[in-house]
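Number 27 in our numbering belongs to position 27 of the sequence shown; there are no gaps in the numbering. Note that the Cβ used here is the ideal one computed from N, Cα and C, for glycine as well. Predicted, not measured: the structure shown is a model, and the values here were computed from it. Have a look at the structure below, then the notes.
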Amino acid sequence: MSLRNLALLSVCVLLAACSKVNQDNYAKLKAGMPKAEVESLLGSPTECSGAIGITSCNWGDEKVFISVQYAGDKVMMFSGQGLK
Numbered sequence: 001m002s003l004r005n006l007a008l009l010s011v012c013v014l015l016a017a018c019s020k021v022n023q024d025n026y027a028k029l030k031a032g033m034p035k036a037e038v039e040s041l042l043g044s045p046t047e048c049s050g051a052i053g054i055t056s057c058n059w060g061d062e063k064v065f066i067s068v069q070y071a072g073d074k075v076m077m078f079s080g081q082g083l084k
């Protein structure tokens, strides 16, 4: 394995280990929290969708994720799966 490939592999492993989608950050979520504060905690969402003032945003993938539902720009409810 070349030094370049080894360096790239190391960076990928470190990025995966530093995911903000984890149990510690999930425990910090609270109903009524502003959307900007959630994004400060979790980073930019993977995807968002919504209608009529209700927005749902997800962080992570189909196995490990945090999902937050907003009314306006305040957390209404949230859920998570596969968090460590």
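*Return the bridge partner residues of Tyr70 from the DSSP annotation.*
The residue labelled residue 70 in the question sits at position 70 within the sequence shown. Its beta-bridge partners are Thr55, Val75.
*asked:* Closest to Cys48 by C-alpha separation, out of Leu29, Val38, Trp59, would be which residue?
replied: Numbered from its first residue, the sequence shown carries residue 48 at position 48. Of the candidates Leu29, Val38, Trp59, the one whose C-alpha sits nearest the C-alpha of Cys48 is Trp59.
*Return the chain-ordered list of same chain residues with a C-beta closer than 6 Å to the C-beta of Ser79, the five sequence neighbours on each side being excluded.*
Working through the sequence shown from its first residue, we reach residue 79 at position 79. Around Ser79: Ser67.
*Hey, Lys28 and Tyr70 are a contact pair by Cβ (cut 8 Å); roughly how many whole angstroms apart?*
Taking the first residue of the sequence shown as position 1, residue 28 is located at position 28. Taking the first residue of the sequence shown as position 1, residue 70 is located at position 70. With 8 Å as the limit, Lys28 and Tyr70 do not qualify as a contact, their Cβ atoms being about 16 Å apart.
*Can you tell which of Gly82, Gly72, Ile54 has the C-alpha that lies nearest to the C-alpha of Asp61?*
Mapped onto the sequence shown, residue 61 falls at position 61. Here the closest residue by C-alpha is Gly82.
*Pick from Ala31, Ser2, Gly50, Tyr26 that is closest to Lys74, judged by C-alpha positions*: For the purposes of this step, residue 74 is taken as residue 74 along the sequence shown, with counting starting at 1. The shortest Cα separation from Lys74 among Ala31, Ser2, Gly50, Tyr26 belongs to Ala31.
_Starting from Val38, trace the alpha helix (DSSP H) in both directions and tell me its first and last residue._
Taking the sequence shown and counting its residues from 1, one reaches residue 38 at position 38. Val38 -> alpha helix (DSSP H) spans 35-42.
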